[in-house]
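Residues 13 to 346 in our numbering are what the sequence shown lists, from first letter to last.
Where a beta carbon is used, it is the ideal one built from N, C-alpha and C, also for glycine.
One structure is given here, and the rest of the page talks about it.
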Amino acid sequence: MTIITLTLEALNPARPRWWGDFSPSARGPVTSASLGPTPIPLPSTLAGAIAAALGARPESCGDFKDPLECQTAALHSVGVLELRGPLLAVEVRGSVEPLVPWGSGFKDLEGNEYTVAAGERAGVALSRTSKSVLEGYLYFEELAWGVTSGNGGIKPYKLVVEVVVDNGFAAPSLVLLGGEKPAFKSDSLPRSLVEERLASLWEDGWEGEVHESVVAVATPTVLPEDTKPSPISLMESLENALNSLLSKMEPVKIEPIIRCTIAALGLGYDMARNLPRPYKPVLLPGCLFRVKTRSGFQPSRLYREGLGRYANLGWGTILPLPPSIGEKLSRSEE
């Protein structure tokens, strides 16, 4: 078993889809013209794109009742065991730097702010039957084409995803992402880039026992069905998930730092069955909270195992940061 990092750089503008029950072949205003709360692909979109790039076939899914077991089986058939991410990333001084979702934007671990540079594309809706133009249905949609830093510089739109693979895995050189299939050039690194960056912040604490961490939610986290859209219910769900993950007898305590938002989100489109996957309550990226417990825990476990259901597919990827780094980034928000 090996961990590699795939860096995916967009070769043409992309529009990650988040909302709506539509086929990947759908175009126009029915698909929602905005980039979504976080302009990165859903984990299931990226997982499906990687499986397809490696030659997985729909028949490899078999007959599964769970909406994402099919995708797990497809990935296993091509040697992919787990995914973490995707995360937006930029190149800084020759190395790839993962960005932390922070409220409505992104930050690197030095506190520099970034936003996704979006352009507009005009289109006209067509009749489904005659394919003729529908009068009055001119629309504009946002396309992600770069990442803008606070100093005004523009960098390529780039994603990183970490992949746990069988030995002998051959990384794809090109990945076609989602319904409109924007092309991403794929490069691979034979190591865990994101984990190395997090471990450098913690030093010996990454694999050791710590009592506090500031946790950034990097990808949508699937919550229990009975989670209510209230701060109290959300915190209870997160505390239960962390207690289960860390196997602690003493309850974990959570303090929100940046507002955490619950939304009903579809788990993507099932290409093998040609139908949308069901909606689930999710914690959106950009949430930041402090984790405390008197009996220590390993920050590395939080990152490697993720939070909530389908963490093996990249859902619930969380970034545990040292308290000093979390406070530094919070101060730069003020």
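- Non-local beta-carbon contacts of GLU251 in its own chain, meaning distances under 6 angstroms to residues more than five positions away in sequence, involve VAL264 and ILE266 in chain order.
- Straight through space, the alpha carbons of ASN286 and ILE337 are spaced by roughly 44 angstroms.
- In this chain, the beta strand (DSSP E) harbouring PRO332 covers 330-333.
- Put simply, the backbone Cα of GLU94 is about 18 angstroms away from that of GLY280.
- Under a 10 Å Cβ-count criterion, SER256 is classified as exposed, with fewer than 16 other Cβ atoms of the shown protein chains found around its own Cβ.
- Here ALA275 carries a strand assignment [DSSP, helix/strand/coil].
- Membership of THR17 in any alpha helix (DSSP H) is not indicated; the residue belongs instead to the beta strand (DSSP E) covering 14-22.
- Beyond the five residues adjoining it in sequence on each side, SER245 comes within less than 6 angstroms, by CB distance, of THR239 in the same chain, given in chain order.
- Beta-bridge partners of GLU215 (DSSP): none assigned.
- Bridge partners of PHE196 according to DSSP: ALA22 and VAL187.
- According to DSSP, ALA101 shares a beta bridge with PRO110 and LYS170.
- Each residue's CA atom was taken as its position, placing PRO184 and VAL92 some 12 angstroms apart.
- Assignment of beta-bridge partners to PRO288 by DSSP yields TYR281.
- The C-beta of TYR291 has fewer than 16 other C-beta atoms within 10 Å across all chains shown, which makes the residue exposed.
- Judged by DSSP secondary structure, ILE52 falls outside any alpha helix (DSSP H); it is assigned neither H nor E.
- Annotation: the continuous alpha helix (DSSP H) that includes LEU246 extends over 243-258.
- Between ILE16 and SER249, the C-beta gap is not smaller than 8 angstroms, which leaves the two residues out of contact.
- A distance of 8 angstroms or more separates the beta carbons of GLY117 and VAL172.
- Secondary-structure assignment with DSSP links LYS240 through no beta bridge to anything.
- Residues GLU224 and LYS265 of the same chain have their beta carbon placed closer than 6 angstroms to that of LYS304, with the five preceding and five following residues left out of the count.
- Per DSSP, the unbroken alpha helix (DSSP H) holding ARG313 starts and ends at 311-317.
- Residue pairing for THR160: DSSP places it in a beta bridge opposite THR127 and ILE166.
- For the 8 angstroms CB-CB criterion, SER56 and LEU18 do not form a contact.
- Going by beta carbons, ALA276 and GLY320 fall outside the 8 angstroms limit.
- When DSSP states are grouped into helix, strand and coil, LEU95 belongs to the strand group.
- In the three-state DSSP reduction, THR233 falls in the strand class (E or B).
- Cβ-Cβ distances below 8 angstroms link GLU109 to ALA101, VAL102, GLU103, ASP120, LEU121 and ARG209 in the same chain, with the five nearest sequence neighbours on each side left out; the list follows chain order.
- Comparing C-alpha distances from SER89 to each of PHE76, GLY67, SER107 and ARG105 shows the shortest one belongs to GLY67.
- In this chain, the alpha helix (DSSP H) harbouring GLU81 covers 81-89.
- Each of ARG289, TRP114, GLU221 and TYR315 was checked against the Cα of LEU296, and the nearest Cα belongs to TRP114.
- Within the same chain, and ignoring the five residues on either side of THR329 in sequence, the residues whose Cβ sits closer than 6 angstroms to its Cβ are ARG96, GLY97, ALA230, THR231 and GLY318.
- Straight-line measurement puts the Cα of ARG69 at about 43 angstroms from the Cα of ILE269.
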